[in-house]
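Numbered as in my numbering, the sequence shown ends at 184 without a single skipped number.
From the three backbone atoms N, C-alpha and C, an ideal C-beta is built for every residue, glycine too.
All values reported here derive from a predicted model rather than from experimental measurement.
Working notes for the structure below.
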Amino acid sequence: MSAVLKPVEARFEALTPDHLDAVLAVEQRAYAHPWSHQNFMDTLASGYEAQLLLADDTLLGYFVAMKGVDEVHLLNITVAPEFRGEGWSRVMLDALALWARGQGADWLWLEVRVGNERAIKVYGAHGYRLVGRRKNYYPNDRGQREDALVMSLRLGQSTP
């Protein structure tokens, strides 16, 4: 007899300074070059959209986005390593797009490391298109720099 999987009930909650220890713990497990405590504090001080994805008290992931005139720039989206491959990035990307549309944005923009094939595939499957490349954008493990791919998603009814 096979086990019955219980559906996970997840919710979004605004990031506050009270959450930073948990967020930083995930950030440090997820990345070789994680955001710092100050990066997150600056995010909060700037009023950027910063949302946690939680299941009960378990942090599944989070995203940070900056609103522009008619666009939103995704600055950070992270799924806790132990929950990768479960579809949580798609949930967060959908929530981000919904929020951005509500802000009157026509476009979503992001940068992703050229070596992050998993994320590039997720973004592509979500409708993001490659529009450019930023040379030497990210630090890498060997003291060098890594290029970023610039990707965008047109929001609304039609796509170019």
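Alpha-carbon spacing of residue i relative to residue j, whole angstroms
{"i": "Ser182", "j": "Pro163", "result": "Below a pLDDT of 50, predicted positions are generally treated as unreliable, and Ser182, at 44, falls in that range; no measurement from the model is reported."}
{"i": "Pro184", "j": "Trp131", "result": "At Pro184, the pLDDT of 43 sits below 50, so the modelled position is not reliable and the matter cannot be decided from this model."}
{"i": "Ala38", "j": "Gln52", "result": "20 Å"}
{"i": "Gly71", "j": "Thr40", "result": "11 Å"}
{"i": "Thr102", "j": "Glu110", "result": "13 Å"}
{"i": "Met90", "j": "Gly128", "result": "13 Å"}
{"i": "Leu122", "j": "Val96", "result": "11 Å"}
{"i": "Asp165", "j": "Ala56", "result": "7 Å"}
{"i": "Asp66", "j": "Tyr147", "result": "26 Å"}
{"i": "Lys145", "j": "Asp42", "result": "33 Å"}
{"i": "Glu33", "j": "Ala54", "result": "23 Å"}
{"i": "Trp112", "j": "Val174", "result": "22 Å"}
Residue i, DSSP secondary structure in three states
{"i": "Asn100", "result": "strand"}
{"i": "Val93", "result": "coil"}
{"i": "Val32", "result": "coil"}
{"i": "Trp112", "result": "helix"}
{"i": "Ser176", "result": "strand"}
{"i": "Gly151", "result": "coil"}
{"i": "Thr40", "result": "coil"}
{"i": "Trp131", "result": "strand"}
{"i": "Gly71", "result": "coil"}
Beta-carbon proximity of residue i to residue j, cut-off 8 Å
{"i": "Glu176", "j": "Tyr161", "result": "According to the sequence as given, residue 176 is Ser; it is not Glu. Taking 8 Å as the Cβ cut-off, Ser176 and Tyr161 do not qualify as a contacting pair."}
{"i": "Phe64", "j": "Gly85", "result": "no"}
{"i": "Leu78", "j": "His61", "result": "no"}
{"i": "Ala172", "j": "Arg158", "result": "yes"}
{"i": "Val88", "j": "Ala74", "result": "yes"}
{"i": "Phe36", "j": "Ala119", "result": "yes"}
{"i": "Leu98", "j": "Leu154", "result": "no"}
Cβ separation of residue i and residue j, assumed to be a contact under 8 Å, to the nearest whole Å
{"i": "Leu83", "j": "Val50", "result": "6 Å"}
{"i": "Leu179", "j": "Ala124", "result": "6 Å"}
{"i": "Val138", "j": "Glu170", "result": "6 Å"}
Residue i CB to nearest heavy atom of the ligand SAH below 7 Å
{"i": "Lys145", "result": "As for the ligand SAH, it is missing from this structure, which has no ligand bound."}
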